[in-house]
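Q: Can you read through this structure? Questions will come right after.
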Amino acid sequence: MTSRTAALRSGPEPDLRRALDLCRSSFVTAGFFSLFINLLLLLPSIYMMQVYDRVLASSSESTLMMLTLIAVFLYVVMGGLEWLRAQVLIVTSNRLDQVLNGRVFDAMFTQALASGGRMSTVQPLNDLLQLRQFLTGPGLFAFFDAPWMPFYLVLMFMFHSWFGYLAVISMVALGGIAVWNEIATRDNLGRANQESIESNQFTQRNLRNAEVIEAMGMLPRMRSRWQDRQVALLGLQSQASSKSGLITSLSKTYRLTLQSLILALGAYLAIHREITPGLMIAGSILLGRALAPLDLMIANWRGFLQAREAYRRLDGLLKTVPERAPPMPLPEPRGEIAFDKTVITPPGAAGAVLKGITLTIEPGQAVGIIGPSAAGKSTLVRAMLGLYKPVSGSVRLDGAELDQWDREALGQHIGYLPQDVELLDGSISENIARFGTIDPTQVVAAAQAAGVHDMILRLPEGYETKIIGQGKMLSAGQQQRLGLARALYGSPKLLVLDEPNSNLDQDGENALVKAVVQMRQRGSTIVLVTHRPNILGIVDKILLLVDGQSAMYGPRDQVLAALQQKAPTPAAPAPTLATQTAPAG
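Position 541 (the sequence shown) corresponds to 540 in numbering that gives the first Met the number 0; numbering is contiguous.
Next comes the structure, spelled out in structure tokens:
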């Protein structure tokens with residue numbers, strides 16, 4: 000465990016707050032540079048005052064030359080300090096990203112898993128990017144410069160009390176404009192951001208189903224729905240931009256008017272000999288400097304609101320999905336699965352799908368799961384793998400609940416082939432080796448066991464062929480056999496196959512049967528969901544699920560015999576069994 004990770008786990012503070020605390024020293028450094036930058040920002044006022052009051056009064060060219068050289072040197076120093084401050088904030092933003100990106104990625108993945116894919120979005124990573132960009136943008140500089148506004152205000156009073164009073168009135172007025180900007184745009188921008196997120200998710204879902212949409216002529220209707228969302232989004236953004244534009248224009252008009260007013264006030268005071276002409280010009284420049292942070296805040300208010308919303312969403316995500324400390328390492332699993340009065344409600348389901356399942360699968364057994372559509376077969380295997388959490392009861396592997404296992408360590412002992420095979424971007428060898436260290440011997444062995452080795456060799460680049468976009472260049476049967484090879488890689492102790500032969504031809508099904516027999520001989524526990532009775536000859540036991548409950552569970556021959564007795568047409572047992580064991584929904 001790295002020290003950074005340990006620091007994130009210590010203390011009661013939320014993860015995002017703790018990550019920012021780790022960057023506190025960098026913010027202090029940026030504030031330290033801001034001190035000298037704001038002191039040097041007095042230079043234009045001082046230079047102008049000296050030119051008017053000394054150079055013009057004495058007509059001294061040497062004085063002008065020295066003042067100018069000193070001013071140029073100090074301007075260079077100020078520019079260097081501003082560059083250093085910007086570099087500090089860039090490093091800070093990068094550090095914040097390095098501290099949080101893995102945590103945010105894991106939380107995003109966990110949220111998608113817990114929601115059954117309904118909340119699968121990359122928005123948290125976009126929020127982290129938004130927060131990082133704000134830390135390197137001009138809007139943040141206003142917050143570093145704002146604490147020095149009282150210092151400028153004191154100087155204004157030192158020039159003349161009327162200058163100070165005008166500065167106070169100006170600051171209050173611009174502060175009011177900033178608050179007005181916040182109140183006027185907050186709701187619209189918040190709703191616009193939410194609408195934008197939902198619109199992006201809608202588009203992502205449609206793109207994943209592009210073939211279905213195109214094949215059945217649904218594109219115009221999908222486009223119309225997307226356009227309706229865009230109209231709502233543009234309306235909210237336009238309202239916010241219109242209000243913000245009006246407030247920004249008023250702010251700019253007010254600021255320009257103030258510059259003339261303070262010059263007029265300075266001229267009046269100079270006429271009455273209360274200040275010098277140099278103070279008149281210096282006061283005008285100093286007032287602009289004093290109000291600059293407020294001007295910058297108003298000009299970058301939208302970026303600030305977006306960063307604040309990003310912070311709020313990230314903070315909510317990290318609080319909703321707390322970081323889990325690694326559990327104590329457990330011995331290599333033997334493959335015993337035990338359900339004890341287990342009730343499972345999948346994410347988004349209206350009610351429980353598994354209703355009090357109790358069963359035990361001994362190590363090394365091969366169990367076939369059958370049942371009508373929507374009986375809960377896929378839900379059962381997902382619960383067995385820890386993908387669905389029990390509402391009540393428990394699911395245990397070798398006596399330990401699945402939460403007690405380290406997922407990364409346990410994963411190498413589990414092989415899983417889902418109904419819908421998803422291949423990941425990468426080479427075929429990387430997919431089979433689960434993107435870990437590639438053992439060529441085991442990769443080839445898994446491919447041969449799945450009967451896909453010869454097919455891979457016929458590809459242009461063999462095992463190094465790149466798979467992009469879920470392997471659409473491969474047929475459904477080829478994808479399923481590659482998924483089977485991935486499940487078989489490393490000879491896992493627990494092999495879970497959900498409809499593994501749904502897309503296989505006869506050769507593929509023969510390879511599947513052979514692979515399952517080999518895994519049984521190696522002592523692996525095998526769970527096989529199927530609706531084809533011809534593959535049930537290789538299992539030891541059969542579980543019949545009906546309406547989320549165990550209708551039968553026992554040795555294969557006993558269950559098959561009981562099903563034959565219940566069948567209305569004894570002369571045709573195979574079709575009857577197939578009817579009773581339709582694919583899971």
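We treat Cβ as the ideally placed atom computed from N, Cα and C, and that holds for glycine.
Is the region 364–373 touching the region 516–531, taking contact as three or more C-beta pairs under 8 Å?
A: Yes, the region 364–373 touches the region 516–531.
Q: To the nearest angstrom, how far is it from the Cα of Ser223 to the Cα of Arg190?
A: 21 Å
Q: Measuring CA to CA, which of Ile69, Val98, Leu42 and Leu38 is closest to Ala18?
A: Val98
Q: As a quick exercise: from Asn430, Arg228 and Phe104, pick the residue whose alpha carbon is nearest that of Gln478.
A: Ranked by Cα distance from Gln478, the options Asn430, Arg228 and Phe104 are led by Asn430.
Q: Where does Ser549 sit, in a helix, a strand or coil, going by DSSP?
A: strand
Q: Spatial neighbours of Gly163 within its chain, please: C-beta separation below 7 Å, excluding the five flanking residues on both sides.
A: Leu152, Met155 and Phe156
Q: Of the choices Asp497, Arg288, Arg102 and Gly398, whose alpha-carbon is the least far from that of Ala337?
A: It is Gly398 whose Cα lies nearest to the Cα of Ala337.
Q: Within 10 angstroms of the Cβ of Thr378, are there 16 or more other Cβ atoms? Answer buried if so, exposed if not.
A: buried
Q: Report the option in Val87, Met77 and Ser195 whose CA atom is closest to the CA atom of Cys22.
A: Val87
Q: Where do the N-terminal and C-terminal ends of the alpha helix (DSSP H) with Ala141 fall, by residue?
A: Pro137 to Asp144
Q: Under 8 Å, do Leu422 and Ala106 count as touching if we go by C-beta distance?
A: no
Q: Tell me the DSSP secondary structure of Pro123 in three-state form.
A: Reduced to three states, the DSSP call for Pro123 is helix.
Q: Should Val451 be labelled buried (16 or more other beta-carbon atoms within 10 Å of its own) or exposed?
A: A residue is called buried when at least 16 other Cβ atoms come within 10 angstroms of its Cβ; Val451 meets this threshold and is buried.
Q: To which residues does DSSP link Ser428 through a beta bridge?
A: BP columns for Ser428 are empty, so no partner.
Q: If you drop the 5 nearest sequence neighbours on each side, which residues of the same chain put their C-beta closer than 8 Å to that of Ala177?
A: Leu293, Met296, Ile297 and Trp300
Q: Can the beta-carbon of Leu264 be found less than 8 Å from the beta-carbon of Leu173?
A: no
Q: Which one or two residues does DSSP pair with Phe26 in a beta bridge?
A: Per DSSP, none; premise fails for Phe26.
Q: Throw me the rounded Cβ distance for the Leu409 and Pro499 pair, which I believe falls under 8 Å.
A: No, Leu409 and Pro499 are not in contact; Cβ-Cβ is about 21 Å, not under 8 Å.
Q: My output table needs one value for Asp497: the three-state DSSP class, helix, strand or coil.
A: strand
Q: By Cβ distance, which residues of its chain are closer than 6 Å to Gln579, with the 5 residues on each side in sequence left out?
A: Caution applies to Gln579, whose pLDDT of 37 falls short of 50 and renders its modelled position unreliable; the model cannot decide the point.
Q: Evaluate contact between the region 477–493 and the region 434–446, counting only Cβ atoms and requiring at least three cross-stretch pairs below 8 Å.
A: yes
Q: Helix, strand or coil, according to DSSP, for Met357 in the structure here?
A: Note that residue 357 is Thr in the sequence shown, not Met. Thr357 falls in the strand class under three-state DSSP.
Q: Assign Ile343 to one of two classes, buried (16 or more other C-beta atoms within 10 Å of its C-beta) or exposed (fewer than that).
A: buried
Q: With Gly334 and Ser523 assumed to form a contact (beta carbons below 8 Å), what rounded beta-carbon distance in angstroms separates them?
A: A Cβ-Cβ separation of about 6 Å places Gly334 in contact with Ser523 under the 8 Å criterion.
Q: What residues in its chain sit with their C-beta under 6 Å from that of Ile89, if we drop five residues either side in the sequence?
A: Apart from the 5 residues on each side of it in sequence, Ile89 sits with its Cβ closer than 6 Å to the Cβ of Thr135 in its chain, given in chain order.
Q: Which of the three DSSP states is assigned to Thr252 in this structure?
A: In the three-state reduction of the DSSP assignment, Thr252 falls in the helix class, which pools H, G and I.
Q: My understanding is that Gly411 touches Leu329, with C-beta atoms under 8 Å, so please give their C-beta distance in whole angstroms.
A: Checking the sequence, you will find Gln at residue 411 rather than Gly. That belief does not hold up - the Cβ atoms of Gln411 and Leu329 are roughly 13 Å apart, past 8 Å.
Q: Rounded to whole angstroms, what's the CA-CA distance from Leu218 to Arg228? Just pull it up for me.
A: Answer to the nearest angstrom: the Cα atoms are 15 Å apart.
Q: Compute the distance between the beta-carbons of Ala374 and Gly547, then report whether it is under 8 Å.
A: Yes; because the gap between Cβ atoms is below 8 Å, this pair is in contact.
Q: Any heavy atom of the ligand HEM inside 7 Å of the beta-carbon of Val27?
A: By its list of ligands, the structure shown contains no ligand whatsoever, and the ligand HEM lies outside what it can speak to.
Q: Less than 7 Å between C-beta atoms, sequence neighbours within five positions excluded: which residues of the same chain meet that for Val545?
A: Only Gly370, Pro371 and Ala374 meet the Cβ criterion.
Q: Would Arg131 pass as a contact of Leu80 if the rule is Cβ separation under 8 Å?
A: Between Arg131 and Leu80, the gap from beta carbon to beta carbon reaches 8 Å or more.
Q: Leaving out five residues before and five after Thr91 in sequence, what residues of the same chain have Cβ atoms less than 8 Å from its Cβ?
A: When the five nearest sequence neighbours on each side are left out, the beta carbons in the same chain lying within less than 8 Å of the beta carbon of Thr91 are those of Cys22, Ser25, Phe26, Ala29 and Leu134, in order along the chain.
Q: Could you give the first and the last residue of the continuous alpha helix (DSSP H) run that contains Ile537?
A: From DSSP, Ile537 is part of no alpha helix (DSSP H); its letter is neither H nor E.
Q: Let me make sure I understand the geometry here. Which of Ile360, Met472 and Val420 has the alpha-carbon closest to that of Tyr552?
A: Ile360
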